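Beneath this line is the structure, given in structure tokens, with notes to follow.
In UniProt numbering, the protein residues as written are 1 to 192.
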């Protein structure tokens with residue numbers, strides 16, 4: 001029997017695995033959340049599929065998305081990244097990751113954890129939606145608007161509300177799996 005998945009998933013086994021094993025699963029690890037938010041920023045104007053195919057190259061190029069290392073990047077490292085064909089070579093996006101690493105460290109110092117800070121925008125618990133079609137899913141929500149404004153006030157770049165909502169979906173802050181998708185959380189199935 002064929003499993004029913006959200007209709008945005010293509011036939012690539014990498015994309016299927018991402019949908020089935022990662023997307024919408026609650027993520028509370030500070031560094032993994034930082035990586036995911038940075039990759040969502042890299043997606044701006046492109047497809048997530050494009051970023052996903054380059055994820056391993058991004059991890060290698062950006063030292064495993066270790067903010068302690070990224071904040072030390074200078075012009076030589078930026079030039080190296082701009083020549084790396086395995087990643088998206090957009091100078092503004094690359095520089096934003098360096099800036100965002102500094103803000104990440106600041107948030108961790110001020111708030112105790114990046115995860116706790118980000119999850120506060122959904123009240124610390126997954127928001128479970130009940131969509132039947134992709135057309136029903138919003139591009140932004142009041143929570144993603146709030147997250148975006150707060151991150152921008154702190155100085156982060158490439159964290160608009162649409163990026164923040166995609167991040168919230170991917171990190172499991174929001175469960176936006178379609179009602180007929182086999183990946184719906186147990187809570188979602190119990191509720192509706």
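We treat Cβ as the ideally placed atom computed from N, Cα and C, and that holds for glycine. None of these values were measured; they are calculated from a predicted model.
- Taking 8 Å as the upper bound for CB-CB distance, residue 53 and residue 9 are not in contact here, some 14 Å apart.
- Under the 10 Å beta carbon count, residue 142 is surrounded by fewer than 16 other beta carbons and is classified as exposed.
- When rounded, the separation of the alpha-carbon atoms in residue 56 and residue 46 is 17 Å.
- Residue 38 is not a Cβ neighbour of residue 84, given a cutoff of 8 Å.
- In this model, residue 4 and residue 51 are separated by some 24 Å (Cα to Cα).
- Ranking 157, 35, 137, 114 by CA distance to the CA of residue 174 puts 137 first.
- In the three-state reduction of the DSSP assignment, residue 176 falls in the coil class.
- Apart from sequence neighbours up to five positions away, the residues of its chain that approach residue 163 with a beta-carbon distance below 7 Å are 40, 41, 44, ordered along the chain.
- Spatial neighbours of residue 28 in its own chain (CB-CB distance under 6 Å, excluding positions within 5 residues in sequence) are listed in chain order as 115.
- Annotation: the continuous alpha helix (DSSP H) that includes residue 109 extends over 91-111.
- For residue 50, the uninterrupted alpha helix (DSSP H) run begins and ends at 48-53, by DSSP.
- A straight-line Cα-Cα distance of about 16 Å links residue 92 and residue 61.
- Take the alpha-carbon of residue 75 and the one of residue 176: they are about 40 Å apart.
- The Cβ-Cβ distance between residue 170 and residue 36 falls below 8 Å.
- Boundaries of the alpha helix (DSSP H) around residue 19: 13-21.
- Apart from sequence neighbours up to five positions away, the residues of its chain that approach residue 144 with a beta-carbon distance below 7 Å are 161, 164, 165, 168, ordered along the chain.
- Just so you know, the alpha carbons of residue 34 and residue 6 end up roughly 25 Å apart.
- Per DSSP, the unbroken alpha helix (DSSP H) holding residue 162 starts and ends at 161-170.
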